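Undergrad: Chains as they are written, first to last, in our numbering: chain Z, 653 to 1076; chain F, 13 to 339; chain P, -5 to 498; chain B, 5 to 392.
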Amino acid sequence: MTQVEVLSLSAPERRRRRMVVMMGVLGVFALVAFFIIPKQHDKATFGFVMDKEWVAVHEWAINSRHGSLGFAILAILAAILAYFQFRARKTIRIASAIFGVSFLMSFLCWAASGKFIPLTGLLQGGLLLAVPLIYGAMAGVLCERSGVINIAIEGQLLAGAFASGVLASLTQKTWIGLLIAPFAGALIAYLLAVFAIKFAIDQVILGFVLNVLVIGLTDFLYKRLLIPYQTTWNSGPILSPIKIPVLWKIPILGPIFFDQTIIVYLMYAIVILIHVGLFRSKWGLRMRAAGEHPTAAESVGINVNRTRFRNVILAGAIAGLGGAYFTIGAVGPFGKEMTAGKGFIALAALIFGRWSPLGAVSAALIFGFADNLQGVLSIIGTAIPSEFMLMAPYVATIIAVTGFVGRVRAPAADGVPYKRGESV
Amino acid sequence: PAATAVKACLALDTGGVDDKSFNAAAWRGAQSTATASVTVKYLAAQSDADYAPNIKKLVDEKCSVIIGVGFLINSAIVDAAKANPGTKFAIVDQDGFDHGPNGDQYPGTALTNLKGLQFATNQSAFQAGYLAAGFSKTGKVATYGGLNIPPVTIFMDGFAKGVAYYNKVKGKKVVALGWDTVKKDGTFVGGFSDQAKALQISKNFEQQGADVIFPVAGGLGGATAGQSMTGHKSVTIWVDSDGYVQAPQYKSVLLTSVVKGVDTSVAGVIKDVAKGMFSSTGYLGTLANKGTYLASYHDLAKKVAARLQNEVRQLGIDIKSGKVKVS
Amino acid sequence: MSLELRAVTKSFGALIANDHIDLKVGDGEIHAILGENGAGKSTLMNVVYGLLQPDAGEILVDGEEIKISGPADALAAGIGMVHQHFMLIPVFTVAENIVLGHEKTNKFGILELSKAKEEIRRVSAEFNFDVDPDSLVETLPVGIQQRVEIIRALIYDAKVLILDEPTAVLTPQETDELLRNMKILRDKGTSIVFITHKLREVQEAADKITVIRRGKVVGNPLVTASQEELASLMVGRPVALDVYKKAITPGPVALSVKNLNVHDITGRRLVKNVTFDVHEGEILAVAGVQGNGQSELAKAIVGLEEFIDGSIVLDGKDITTWSVHDTLYSGIAYVPEDREHDGLISSFSIAENLILDTFDTPPYAKGPVMSPTIVAREAEVRVKEFDVRLQSVQDSAASLSGGNKQKVVLARELSRPVKLVVASQPTRGLDVGSIEFVHQRIISERDSGKAVLIFSTELDEVTDLADRIAVMYRGEIIAMVAATTSREDLGLLMAGVHPEGTRS
Amino acid sequence: MKFFRKAVSTIALPGLAFLSALFVSGLLIAFSDPKVLKLAHSPFKFIGGAFAAAGKAYLALFEGAIFDPNLAHPNFFDGFYPLSETLVAASPLILTGLSVALAFRAGLFNIGAQGQFIFGAIGASVVGFKTTMPVGIHVIAAIVTAMVFAGLWGGFVGLLKAKTGAHEVIVTIMLNYVASYFLLWLLSTTPFLRKGRQDPIAPPVKESARLPHLAGPNLRVNLGIIIALAAAAGVWWLLNRSTWGFRFRAVGANAAAARTAGISVPLVTTLVMAIAGALAGLGGAVQILGSEYALTAGAGGTFGFDAITVALLGRANPIGTVFAALLFGGLRAGGLTMQANTDTPIDLILVIQALVVLFIAAPALVKAVFRIKQLKVGSGVVSKGWNG
Ligand SMILES: Nc1ncnc2c1ncn2[C@@H]1O[C@H](COP(=O)(O)OP(=O)(O)OP(=O)(O)O)[C@@H](O)[C@H]1O
Ligand SMILES: Nc1ncnc2c1ncn2[C@@H]1O[C@H](COP(=O)(O)OP(=O)(O)OP(=O)(O)O)[C@@H](O)[C@H]1O
Ligand SMILES: [Mg+2]
Ligand SMILES: [Mg+2]
């Protein structure tokens, strides 16, 4: 290509070109690393069935070398297809999807040589690990799109987890835990809103401080209340999964998406509502206006601070509900600092996803999947030290951010307090 | 004669008194000794940098005996023991020897006012591995840890070796997932607070077919036991203390517990001090002195075949006598 | 509808921006407000619109006092405003911007934009505006953005329309169009407050005039007053509106641009095969309607454009691929088009802004060590020389009014030893007094033998300053004409039409 | 009059803020004390008990942070042991705080001080226990290595941002985890294990690599605090008096204008992150060489995260950062004494710290609480959001 041709690529086209190059390189890498170099080979077995799906393909076994080779070739073909689509200036979505699956399978055939990988379970687990991240990121979307930085996601999740765990334990009813969790998150968000909006405190300090506050208080109560009076205060029940009729029977997809607890179903609804609402509703329009250019919003009669206040609280409620996942959605009782930094990963997912709901969801899913994949691989055994396996999701995120995402832009007024009548 | 007042003080590590593991056990042990003449207290740490200041505070408070809980506190305890020969010290999970200023003198010199409390938990974990292998219907059992550190992996290693011993004795092929005795590495949560991750690891084990899971991750064991309860696919072996007592909500799925007698040994040290019988001779908790042991099967006893129960009991005797080597 | 202000007072700290201002805008009249930069015009209008709260004073609409505590109240009272700094959300489409605050939704709460789009198209057609309701505001040229603001005011039926320097960013044609539309609106009964620095426009459109100086009303001259009279009333001293320029012979070529192409990040070619020379002692003015590649051409010369090919030679050195730092040091003074965004760091002090591209050279720095005392001392000299109105050189640049900000940029760039001056829109938004000053400075640069390249959408400026004029249209230089070319012919060229005898 | 006003707003506001925080925390302390709650049947006794409990806790806080009369005999000077502890706790915080503050001024949000601190600690530890060098040189070598390790680790983030636009917040959050797992792995490798042991504790650094104590062997205060203060002065000079600082600040305040003025934004981004990394790494070195001596998996503590609050509380300026870090150090040191001398649980100490920060960061809140109208307060905002 001549220089002028290169120059006349648009930004999406440049990104596409970068992806095509990446695909080609990774495809060849798969061929070399998973087929040419490994000398031993054995049967790699993949499991699909979780429950009583319609089509019961229980297991699929393949010679690991054959599998790695086949899928590596498929990946390379997908890269070639992507190249031609790129040349024809078409999108390369399908090709990259095929590539992604093939590359992963080529890798898994190699990694599972002589082993068993429950593929459906792997994906389901990835989704589950992403659930609190998605809730946290959605809280981030609402808060930050309306102009308030939300570093306190961690604290909101933890408050939700605590409240739902304790209330569900006291009443032995999961639905009460579910009901109370959003209020706990909203309470933290209320503090965030009052201090950030009314008193114009630095939102970053505020976020960190609120996190410390929630950690300190829940640790304290855990020690003074939940441990000594464990049977009443901290023996909460767990939500049972609900199978969505018909849908849950779809092979592979059914168990992953439609045999889940109400928290996961609520998550689907929230993501869709926020995605549609943010870009297509009056609520979303005003929220984004407050976060992008508050003076302009005010100049058409919108009460910016009220808009922010409400959305910050709503965001907290969503994060609080996500917090319920840790207790009633997963293990039942509350555990000290059980959110374990997920709020910060959610924050990263939010930025990674360019402050868009679907982007953040993708980022959270990538992280959740990578996390579960390293877990499964460490069980079936790898040559890599466990500490490096534990790094995998974090490293994967960095690679994804640098390789495929690039520069992102936050809402223009995110983090800037708005005081009407003081600035024009 | 009126007993002189004894003040027994614990310096906990960052896990805190509610870690559902050795810190909690140590405090439990200490509290059990409290009488009119024995008072107990603890100081928790927020970071590794707090150990030395905390111990100095306890020294300044004129504690009769100061017990450091956790291997991380070792150097702070050793320094304090050297500087305060009049005060008695003990350290959990370390030998408590002075290894010189650069820490590279082995074997180190014993200090006359410092007692090391160590535990051969691999002995009881070995029994647990044998039990699990015999109990498993699927031929797969599993273990995982919080972090890849010796007080954790000693359990995992013993467990996996117990499974291997079962295979050797019985000519079976029971697989122990989550720990590789050769590479000395395995499956870890990456910390001691991520319950959701621990739960997912447990599910992954079940999907691999494991029906006995042995979590070595303090409070995270609850996640595994909870999964055993909801999934009905596995049973759990509790760690550190008898789960039947400490986590009764899970008693229906607890096969047994691998007990590390931190509580009894800490209590023992305090009682010795109270009786004026403190000795700096190191303590090693073994099956023989009940410093570590496999707890009762409790509610699941009827599910464990009598023969297996007998074999496990005999295995314990053989380990004590040295007939069976656990490491 | 009539609007009346009584003794409106507004101060910012020690500065009294509006000092007991009385103003009466009658039903269906175009009321021009004139004043120097920083006189307090925008402040006054922001008070009326509710964006600022007055310290004292009353606002009456149709003779009745109303309380305006926010723009919502102003809108409700029928007051609309087109702001000097646009109140548009860049990431929204035109339609979204216009419905914001007045959204219609269906029963699921989803926005109904079709009605609004229809309205926009109708108004757009009525006033010949050519605005697509679906385009993203940030991709639109400022001229179009301004129309969006006007459409918004019209759609919401403003009875009093405040236009704060609407023509600052418009082309001559667009300006004529706007003035015509203002008259149509006035005839329909809308009252219009019209702020501008261009006296010609005042004479052409205004029915009444109020002049403000340093926060106080200083007079209500008749619309028949001459431009000189208006100017001296504004500034408080006589102003020479005609530029005096002595003829000199240009020297050798200083800057030579050949076959220059500039692409943006999305791959669009914004400058196409541009070739021209600028000689020493010559002012080449590049005329063109906003958005025809002038900004990119200027940036490319300085090294600010990433995707360029062709060649740029300064004084015999090929600087095409040089970094911005190197081009500036090789002898280019650059006055960027967007002073708020590119020319100044508003949170930095005025003194620091005066050394933004010379901070690491003597006398300001020795090696890595800077000397704040010298920086401050030199700043005092510069602000005196360029007549920057300020309280202290240590104040932040944000505290300056628009005109004074531009003077700071000029003071910085024109006091360096350079060979070439590249200035984009050097007098945009400036008052007559400041324009006079800036023009004199530019001419004296030329007289001292420097090459000067001016980019301007202002025809008066182009004809006043230029020795030669290049006209840009859709990224190309379509004509290189003499300075004597008539306004009309230039206007046609800027629209891409070649009048007789101008083809070069 | 003007002077008086200024004095009031610089002293009164933080003072009132501190008092407010102590008041609210006092309530917490009182209500968390079982002994006080037992008095609830009698309002007067209850209030008295609450005051007594809070008073005792605050006395302990003071005795733990500044001066303890109980330690003052026989040697009066030993009474300042707590102050020494405060300085020891503050030294690494000053340095990590400076790291965050410097990045802030250049428009970068360094959440990665934690990871950089860890790499600094690794570098200092390796040189400290692995090598043998003369006194003096050994310390310098360890410190330089720490700064280089951490500088590279931080600079990598800047480079990624400059080259690909990857947002530094994501990258630093992720790298913090990577750093702590890397440390854990490192501590399981043979060179980092002490002879005969498997615990993840590296051998202690040699005497020759330790920072000398400043006030005798009994007080732990060491050269680290001097290094930290010197670094603060250095950062102040860099930002306010040097051409590089001018570049950094220009990019931080308006990257577009900086670029137009010929400043290379990618270079500044990379350099600033590298310097910020080196500062945090210096913090790690001071921690290892000054007070801890041996590298452990938890060596990072929460120094990197507290640094963010410290830097912002110090309004991202080096001098403010020093004071904020001293406050934090005092709260940490005093908090331990509070736990030891009263029954205040350590978790509540976290809460009290949070409250103090909250009140100090919120001049407007204090103004509202005390209904002070005439005082002019600055904006409570230091950080500038994600776009830098
Ligand atoms: N303490 C609070 N509790 C609940 N909501 C609050 C609180 N403080 C502020 N808000 C919300 O934030 C918005 C902004 O508050 P503020 O009083 O600063 O704005 P305002 O300009 O006076 O608004 P309004 O137009 O309602 O008078 C309020 O409208 C209210 O909805
Ligand atoms: N928010 C503010 N804070 C402090 N000073 C301000 C503020 N807004 C405006 N000023 C000052 O008030 C004075 C009047 O400014 P204003 O913007 O009203 O001038 P203007 O007449 O519109 O000038 P121009 O023609 O340059 O737009 C100026 O000195 C300006 O610096
Ligand atoms: Mg104005
Ligand atoms: Mg109000």
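By construction, the Cβ of each residue, glycine as well, lies at the ideal position given by its N, Cα and C atoms. Predicted model, so just to flag it, every value in this text is computed and none were measured.
1) CB-CB under 6 Å to glutamate 113 (chain P), same chain, minus the five flanking residues each way: which ones, in chain order?
2) Expressed to the nearest angstrom, what Euclidean distance is found between the alpha-carbon atoms of phenylalanine 131 (chain F) and lysine 199 (chain B)?
3) At the level of alpha carbons, what is the spacing between threonine 37 (chain P) and lysine 4 (chain P)?
4) Quick one: grab the DSSP three-state call for tyrosine 881 (chain Z).
5) Using a beta-carbon distance cut-off of less than 8 Å, what residues from the stretch 947 to 977 of chain Z approach chain B?
6) Would a check of beta-carbon distances place tyrosine 156 (chain F) closer than 9 Å to chain B?
7) Can you find a CB in chain Z that lies within less than 9 Å of the CB of phenylalanine 217 (chain F)?
8) Which residues, in order along the stretch 124 to 136 of chain B, keep a beta-carbon less than 9 Å from a beta-carbon of chain Z?
9) If the cut-off is 7 Å on Cβ atoms, which residues from the stretch 94 to 108 of chain P count as contacting chain Z, listed in chain order?
10) Note down, in chain order, all residues in the stretch 838 to 851 of chain Z with a beta-carbon under 7 Å from any beta-carbon belonging to chain C.
11) Could you name the residues of chain P that alanine 265 (chain B) contacts, counting a contact when the two beta carbons are closer than 7 Å?
12) Grab me the residues of arginine 1072 (chain Z)'s own chain with a C-beta within less than 8 Å of its C-beta, minus the 5 sequence neighbours each way, in chain order.
13) Counting contacts by CB-CB distance shorter than 9 Å, is alanine 1052 (chain Z) in contact with chain P?
14) With 7 Å as the C-beta to C-beta threshold (strictly closer), list the residues of the stretch 1022 to 1046 of chain Z near chain B in chain order.
15) Helix, strand or coil for histidine 504 (chain P) per DSSP?
16) Looking at the C-beta of alanine 289 (chain B), does it have a partner C-beta in chain F at a distance below 9 Å?
17) Is the CB-CB distance between isoleucine 922 (chain Z) and isoleucine 970 (chain Z) below 9 Å?
18) Taking buried to mean at least 16 other C-beta atoms within 10 Å of its own C-beta, is arginine 1059 (chain Z) buried or exposed?
19) Under the three-state reduction of DSSP, which class applies to glutamate 73 (chain F): helix, strand or coil?
20) Using DSSP bridges, identify the partner residues of histidine 25 (chain P).
21) Whole angstroms is fine: what's the gap from isoleucine 85 (chain F)'s alpha carbon to leucine 937 (chain Z)'s?
22) What residues match up with isoleucine 448 (chain P) in a beta bridge as DSSP calls it?
23) Report back the beta-carbon spacing between glycine 159 (chain B) and methionine 277 (chain B) to the nearest angstrom; my notes put them in contact at under 8 Å.
24) Please confirm whether any heavy atom of ligand 2 lies closer than 8 Å to the CB of aspartate 158 (chain P).
25) Under 8 Å Cβ to Cβ from valine 793 (chain Z), same chain only, skipping five residues before and after it: list those, please.
26) Can you name the residues of chain B whose CB is closer than 9 Å to the CB of isoleucine 339 (chain P)?
27) Taking a cut of 8 Å between CB atoms, which residues from the stretch 25 to 49 of chain F lie near chain B?
28) Tell me, which residues are paired with glutamate 711 (chain Z) by DSSP?
29) Would alanine 804 (chain Z) and valine 866 (chain Z) be called neighbours here (beta carbons separated by less than 9 Å)?
30) Taking Cβ positions, are leucine 130 (chain P) and proline 65 (chain P) nearer each other than 9 Å?
31) Compare the C-beta of glutamate 90 (chain P) against all C-beta atoms of chain Z and say whether one is closer than 9 Å.
32) Do the CB positions of glycine 198 (chain F) and glycine 141 (chain F) come within less than 9 Å of each other?
33) Would DSSP call threonine 1034 (chain Z) helix, strand or coil?
34) Contact between the stretch 395 to 414 of chain P and the stretch 425 to 445 of chain P: three or more CB pairs below 8 Å?
35) Would you kindly work out how many angstroms separate the C-alpha atoms of lysine 180 (chain F) and phenylalanine 978 (chain Z), rounded to a whole number?
36) Measure the Cβ-Cβ separation of leucine 235 (chain P) and alanine 248 (chain P) and say whether it is below 9 Å.
TA: Per the coordinate set shown:
1) Walking along the third sequence from the start, residue 113 (chain P) turns up at place 119. Cβ neighbours of glutamate 113 (chain P) beyond the five flanking positions: Ile149.
2) Working through the second sequence from its first residue, we reach residue 131 (chain F) at position 119. Working through the fourth sequence from its first residue, we reach residue 199 (chain B) at position 195. The straight-line gap from Cα to Cα measures roughly 20 Å.
3) Reading the third sequence from its first residue, position 43 is the one you call residue 37 (chain P). Reading the third sequence from its first residue, position 10 is the one you call residue 4 (chain P). Taken atom to atom, the span from the alpha-carbon of threonine 37 (chain P) to that of lysine 4 (chain P) is near 8 Å.
4) Translated into positions along the first sequence, residue 881 (chain Z) becomes position 229. DSSP places tyrosine 881 (chain Z) in coil when its eight states are reduced to three.
5) none
6) Working through the second sequence from its first residue, we reach residue 156 (chain F) at position 144. Chain B, which has no Cβ nearer than 9 Å to the Cβ of tyrosine 156 (chain F), makes this no.
7) Sequence index remark: in the second sequence, residue 217 (chain F) carries index 205 (1-based). True, the Cβ-Cβ gap to chain Z drops below 9 Å.
8) none
9) Sequence-ordered contacts of the stretch 94 to 108 of chain P with chain Z read Leu94, Gly95, Glu97, Thr99, Gly103, Ile104, Leu105 [C-beta pairs closer than 7 Å].
10) Within the model displayed, chain C is absent; protein chains Z, F, P and B are what it includes.
11) To locate residue 265 (chain B), count along the fourth sequence from 1; it is residue 261. Within chain P, the residues near alanine 265 (chain B) are Leu350, Asp351.
12) The residue labelled residue 1072 (chain Z) in the question sits at position 420 within the first sequence. Contacts found: Glu950, Val956, Asn957.
13) Counting from 1 along the first sequence, the entry for residue 1052 (chain Z) is found at position 400. No, alanine 1052 (chain Z) lies away from the interface with chain P (no Cβ there is under 9 Å from its Cβ).
14) Taking 7 Å as the Cβ-Cβ cut-off, the stretch 1022 to 1046 of chain Z approaches chain B at Pro1037, Glu1039, Phe1040, Leu1042, Met1043, Tyr1046, given in chain order.
15) Residue numbering for chain P in the displayed model covers -5 to 498; residue 504 (chain P) lies beyond these limits and cannot be assessed.
16) Start at 1 with the first residue of the fourth sequence, and residue 289 (chain B) comes out as number 285. No, alanine 289 (chain B) does not count as interfacial toward chain F.
17) Counting from 1 along the first sequence, the entry for residue 922 (chain Z) is found at position 270. Counting from 1 along the first sequence, the entry for residue 970 (chain Z) is found at position 318. Against a cut-off of 9 Å, the Cβ pair of isoleucine 970 (chain Z) and isoleucine 922 (chain Z) comes out as a contact.
18) Position 407 of the first sequence holds residue 1059 (chain Z). By the neighbour-count rule (16 or more Cβ atoms within 10 Å), arginine 1059 (chain Z) is not buried but exposed.
19) Taking the first residue of the second sequence as 1, we reach residue 73 (chain F) at position 61. Residue state, collapsed to three classes: coil.
20) Within the third sequence, the letter at position 31 stands for residue 25 (chain P). In DSSP, histidine 25 (chain P) forms a bridge with P:Val187, P:Lys202.
21) For the purposes of this step, residue 85 (chain F) is identified with residue 73 of the second sequence, where counting begins at 1. For the purposes of this step, residue 937 (chain Z) is identified with residue 285 of the first sequence, where counting begins at 1. Each residue's Cα considered, the two are about 56 Å apart.
22) For this step, residue 448 (chain P) is matched to residue 454 along the third sequence. P:Ala279, P:Ala417, per the DSSP bridge assignment.
23) In the fourth sequence, counting from the first residue as 1, residue 159 (chain B) sits at position 155. In the fourth sequence, counting from the first residue as 1, residue 277 (chain B) sits at position 273. Indeed they touch by this definition, with Cβ atoms about 5 Å apart.
24) For the purposes of this step, residue 158 (chain P) is taken as the residue at position 164 of the third sequence. Checking every heavy atom of ligand 2 against the Cβ of aspartate 158 (chain P), one is found closer than 8 Å.
25) Translated into positions along the first sequence, residue 793 (chain Z) becomes position 141. Excluding residues within five positions, the ones whose Cβ falls inside 8 Å are Ile926, Leu930, Ala967, Leu1002, Trp1007, Ser1008, Pro1009, Ala1012.
26) The sequence position of residue 339 (chain P) within the third sequence is 345, counting from 1. Per Cβ cutoff of 9 Å: Arg253, Ala254, Ala257, Asn258, Ala261, Ala262, Ala265.
27) Thr26, Gly28
28) In the first sequence, residue 711 (chain Z) corresponds to position 59, counting from 1. Its beta-bridge partners are Z:Gly699.
29) Taking the first sequence and counting its residues from 1, the one referred to as residue 804 (chain Z) is at position 152. Taking the first sequence and counting its residues from 1, the one referred to as residue 866 (chain Z) is at position 214. Contact: yes.
30) Here residue 130 (chain P) refers to the residue found at position 136 of the third sequence. Here residue 65 (chain P) refers to the residue found at position 71 of the third sequence. Result no, Cβ atoms of leucine 130 (chain P) and proline 65 (chain P) do not sit closer than 9 Å.
31) Translated into the one-based positions of the third sequence, residue 90 (chain P) becomes position 96. It does; some Cβ of chain Z falls within 9 Å.
32) For the purposes of this step, residue 198 (chain F) is taken as residue 186 along the second sequence, with counting starting at 1. For the purposes of this step, residue 141 (chain F) is taken as residue 129 along the second sequence, with counting starting at 1. Not closer than 9 Å, so no.
33) The residue given as residue 1034 (chain Z) occupies position 382 in the first sequence. Reduced to three states, the DSSP call for threonine 1034 (chain Z) is coil.
34) At 8 Å Cβ cutoff, the stretches touch.
35) The residue given as residue 180 (chain F) occupies position 168 in the second sequence. The residue given as residue 978 (chain Z) occupies position 326 in the first sequence. So the alpha carbons of these two residues sit roughly 41 Å apart.
36) Start at 1 with the first residue of the third sequence, and residue 235 (chain P) comes out as number 241. Start at 1 with the first residue of the third sequence, and residue 248 (chain P) comes out as number 254. No. Outside cutoff.
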